[in-house]
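Going line by line, the protein sequences match chains A and B.
Going by this note's numbering, the residue at position 13 of the first sequence is 13; the numbering climbs one at a time, nothing skipped.
Going by this note's numbering, the residue at position 28 of the second sequence is 28; the numbering climbs one at a time, nothing skipped.
Each residue gets a CB set at the ideal place from its N, CA and C atoms; glycine is no exception.
Input: a single structure, listed below in structure tokens.
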Amino acid sequence: DTAVSQTPKYLVTQMGNDKSIKCEQNLGHDTMYWYKQDSKKFLKIMFSYNNKELIINETVPNRFSPKSPDKAHLNLHINSLELGDSAVYFCASSQDAQAHQPQHFGDGTRLSIL
Amino acid sequence: QKEVEQDPGPLSVPEGAIVSLNCTYSNSAFQYFMWYRQYSRKGPELLMYTYSSGNKEDGRFTAQVDKSSKYISLFIRDSQPSDSATYLCAMSYQAGTALIFGKGTTLSVSS
Numbered sequence: 001d002t003a004v005s006q007t008p009k010y011l012v013t014q015m016g017n018d019k020s021i022k023c024e025q026n027l028g029h030d031t032m033y034w035y036k037q038d039s040k041k042f043l044k045i046m047f048s049y050n051n052k053e054l055i056i057n058e059t060v061p062n063r064f065s066p067k068s069p070d071k072a073h074l075n076l077h078i079n080s081l082e083l084g085d086s087a088v089y090f091c092a093s094s095q096d097a098q099a100h101q102p103q104h105f106g107d108g109t110r111l112s113i114l
Numbered sequence: 001q002k003e004v005e006q007d008p009g010p011l012s013v014p015e016g017a018i019v020s021l022n023c024t025y026s027n028s029a030f031q032y033f034m035w036y037r038q039y040s041r042k043g044p045e046l047l048m049y050t051y052s053s054g055n056k057e058d059g060r061f062t063a064q065v066d067k068s069s070k071y072i073s074l075f076i077r078d079s080q081p082s083d084s085a086t087y088l089c090a091m092s093y094q095a096g097t098a099l100i101f102g103k104g105t106t107l108s109v110s111s
């Protein structure tokens, strides 16, 4: 009964392909996030959704498109994958969008571009 | 200058030592300060949360915020091998804004 689960855990694919990462949370939270952690372990916000509505959209190439079919799910679709997209992608959720609410993270999806 | 600076280490200490981890930041608008712990191949987990300035203690962990110096610290007393992990500081301005993370400090506690 993992609180925030991501699939797949590992994703190895070739440059130019399109891929999706799925995230589900069973905590009943309203807010979900996608983060990217690069090879130097730097964790940076990409997107945030609150009740299926996009509230944070950092400077991310438009090849990345988040989709929230309901508030328990936030998927990330990536078009035309590039070498620089290799990273660990973390999904997280929090009770709401208040700054003090703790964020619960999944264990990450390790994306490697060949 | 990055918004949040954190020495990546690595930091190696013997079991039982007191560990001090620190972050500095440049934006005085930050109000919420957090420390996350990340084990290898796992997601970050929240350790401590502090609002504005002051100290907060939870077991062996103490978080300090000094807004006048734009400096936050995490102290770990009686460190254990199970504390070996990467510690990330994080901070935010207000509701609906993103958490800004430091790069993390890798800690190794040897028995």
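Residue-chain proximity (residue i, chain A), Cβ-Cβ < 9 Å
| i | result |
| --- | --- |
| B:Ala-29 | no |
| B:Glu-45 | yes |
| B:Leu-88 | yes |
Backbone CA spacing between residue i and residue j [nearest angstrom]
| i | j | result |
| --- | --- | --- |
| A:Ala-87 | A:Tyr-33 | 16 Å |
| A:Leu-111 | A:Phe-42 | 15 Å |
| B:Tyr-87 | A:Ile-21 | 26 Å |
| B:Gly-97 | A:Ile-56 | Reading off the sequence shown, one finds Thr at residue 97 of chain B, where the question assumed Gly. Rounded to whole angstroms, B:Thr-97 to A:Ile-56 spans 7 Å at the Cα level. |
| B:Leu-99 | B:Cys-23 | 14 Å |
| B:Leu-17 | B:Ser-68 | According to the sequence provided, residue 17 of chain B is Ala. The question's Leu does not apply to it. Approximately 28 Å between the Cα atoms of the pair. |
| A:Tyr-49 | B:Leu-21 | 32 Å |
| A:Leu-114 | A:Ser-39 | 15 Å |
| A:Ser-125 | B:Thr-105 | Lying before the first or after the last residue shown, residue 125 of chain A is absent from chain A, which here runs from 1 to 114. |
Beta carbon proximity, residue i to chain B, threshold 9 Å
| i | result |
| --- | --- |
| A:Asp-85 | no |
| A:Glu-24 | no |
| A:Ser-48 | yes |
| A:Phe-42 | yes |
Nonlocal neighbours in the same chain, by C-beta distance under 7 Å from residue i, ignoring five residues either side
| i | result |
| --- | --- |
| B:Asp-58 | Met-48 |
Own chain, CB closer than 6 Å to residue i, minus 5 neighbours either side, in chain order
| i | result |
| --- | --- |
| A:Val-60 | Met-46 |
| B:Ser-111 | Glu-15 and Pro-81 |
Beta strand (DSSP E) segment containing residue i, residue limits
| i | result |
| --- | --- |
| B:Thr-50 | 45-51 |
| B:Met-34 | 32-38 |
| B:Pro-14 | 11-14 |
| A:Gly-92 | It should be pointed out that residue 92 of chain A corresponds to Ala in this sequence rather than to Gly. Segment 87-94, the beta strand (DSSP E) holding A:Ala-92. |
| A:Glu-82 | A:Glu-82 -> no beta strand (DSSP E), and no H or E assigned at all. |
| A:Thr-13 | 10-13 |
| B:Tyr-25 | 19-25 |
Proximal residues to residue i (C-beta, below 8 Å), its chain only, five neighbours per side dropped
| i | result |
| --- | --- |
| A:Lys-19 | Leu-11, Thr-13, His-77, Ile-78, Leu-81 and Leu-111 |
C-beta neighbour in chain E for residue i, strict 9 Å
| i | result |
| --- | --- |
| B:Pro-10 | Looking for chain E here will not work: the only protein chains present are A and B. |
Residue i beta carbon near the ligand PLP (any heavy atom closer than 8 Å)
| i | result |
| --- | --- |
| A:Ile-113 | No copy of the ligand PLP occurs in the structure displayed, which carries no ligand at all. |
Check your understanding: What are the complete beta strand (DSSP E) segments, minimum 3 residues, inside the stretch 30-66 of chain A?
Key -> 31-37, 43-50 and 53-57
Review point. What are the uninterrupted segments assigned as alpha helix (DSSP H) that are 4 or more residues long and contained completely in the stretch 55-79 of chain B, given in chain order?
Key: none
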